[in-house]
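Protein chains in written order, with the working numbering: chain A, 1 to 116; chain B, 117 to 227.
The C-beta atom is built at its ideal place from N, Cα and C for all residues, glycine as well.
Notes follow the structure.
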């Protein structure tokens, strides 16, 4: 069974640029969530995709957008990058029919974004 | 008030010690509760789910008190390999599966 994979592993951008991060969910998982983890903080929920539709969003501005594809892989796009966007971006997938009581999410290794 | 608050740490303990982490959450509608472990510069990994009846997995015991909105994790007989950041996590909405993380508590076990 292939786990969650993310690309690239590291990325350096400058303020004002745009970035696209990619995630391949674990085999059989149809829900993908994205999280931002700043240094010294816990991960913060950005948004979730289920069956190619956004299924909830955290407190992030519209310049954070996403997509989910028919094979359940996903992209996170960030426009007009700011210095505070420097963080580890984590993708997590969960299988269909996951009840809230179990709700285990499997995380990828993350993409470390540095904005200069 | 933050949605999930944890002891700030860090906790520095010798091998063999017992250590307890505490966590409180603000959303009484939360339905699922977890402890995740995160090693330095790695992704979070599920350590254990937390149930109202309490649950144990080897040296690890988790407790949930819904009335007080309080979660705990007890680690007995600490090992060097337990050194990591421990994240308290609850689900964020009634219908969705977003996870809300605490800031994490860092544990360092020394020989």
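Item, Value
"N-terminal and C-terminal residue of the beta strand (DSSP E) that residue 36/A is part of", "31–37"
"contact_flag[the stretch 80–98 of chain A, the stretch 133–152 of chain B] where n(CB pairs < 8 angstroms) is 3 or more", "no"
"Closer than 9 angstroms to chain A by CB, residue 216/B", "yes"
"Close Cβ partners of residue 155/B (< 6 angstroms) along its chain, the five nearest in sequence each way excluded", "200"
"Beta carbon of residue 215/B nearer than 9 angstroms to that of residue 92/A", "yes"
"Cβ pair residue 71/A, residue 51/A closer than 9 angstroms", "no"
"Collapsed DSSP secondary structure at residue 86/A in the structure displayed", "coil"
"For residue 114/A and residue 46/A, believed in contact at Cβ under 8 angstroms, the rounded distance", "In fact, because the Cβ distance is near 18 angstroms, the residues do not count as touching under 8 angstroms."
"Neighbour flag for residue 159/B against chain A, beta carbons, 9 angstroms", "yes"
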